[in-house]
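In this text, residue positions in the sequence shown follow the numbering used here: the first is 559, and each later residue adds one.
The C-beta atom is built at its ideal place from N, Cα and C for all residues, glycine as well.
Structure, as structure tokens:
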Amino acid sequence: MAGPQVSLEEVSFSAIRAQGAGGQNVNKVSNAVHLRFDIHASSLPEPIKLRLLALPDARITAEGVVVIKAQEYRSLPQNQADALLRLQALVDAAAHVPKKRKPTQPTRGSQQRRMAGKAIRGQVKAARGKVRDPE
Numbered sequence: 559m560a561g562p563q564v565s566l567e568e569v570s571f572s573a574i575r576a577q578g579a580g581g582q583n584v585n586k587v588s589n590a591v592h593l594r595f596d597i598h599a600s601s602l603p604e605p606i607k608l609r610l611l612a613l614p615d616a617r618i619t620a621e622g623v624v625v626i627k628a629q630e631y632r633s634l635p636q637n638q639a640d641a642l643l644r645l646q647a648l649v650d651a652a653a654h655v656p657k658k659r660k661p662t663q664p665t666r667g668s669q670q671r672r673m674a675g676k677a678i679r680g681q682v683k684a685a686r687g688k689v690r691d692p693e
């Protein structure tokens, strides 16, 4: 199930220089992107906002702002699209509601096997005692 779409009006991009080796293009052209998305100010439904804030993700700041850095591609539009896809994946993960676990009862056969095993272990432990002379 896909979560709600994030609108472009709620996202801000800033172009930065990419890290790492790459020579002249990396050193002088700002093709990497910082995407910032304020969870509290967004139009997402409240339950999804709460689950998004509860995610153990380093990209979510204490103020509730998602910061995604995209520098995979050599062009700014591709990096923007990549950052948006990653943000949408994060929202989709928060939109997924985990199913409640339904506890099951042990079957009668499994209980009987368990008790039989315990009886055998008890006999083994009882046999570890001192051996008495049967006089």
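- The beta carbon of Arg-575 sits closer than 6 Å to those of Ser-588, all from its chain and outside the five residues before and after it, given in chain order.
- The three-state secondary structure of Asp-596, taken from DSSP, is strand.
- With a cut-off of 8 Å on Cβ pairs, the region 616-634 is in contact with the region 589-606, counting three or more such pairs.
- Taking C-beta separations shorter than 6 Å and ignoring five residues to either side along the sequence, the partners of Ile-606 in its chain run Ala-652, Ala-653, following chain order.
- At a Cβ-Cβ threshold of 8 Å, Leu-643 and Ala-573 do not count as neighbours.
- Shown here, Val-682 sits in a helix according to DSSP, grouped into three states.
- Counting along the chain, the unbroken alpha helix (DSSP H) around Lys-607 starts and ends at 604-612.
- Beta-bridge partners assigned by DSSP to Ala-628: Val-591.
- Bounds of the beta strand (DSSP E) holding Ala-573 are 569-574.
- When DSSP states are grouped into helix, strand and coil, Val-623 belongs to the strand group.
- Scanning its chain for C-beta atoms nearer than 8 Å, with the 5 sequence neighbours on each side dropped, one finds around Leu-613 the residues Leu-648, Ala-651, Ala-652, in chain order.
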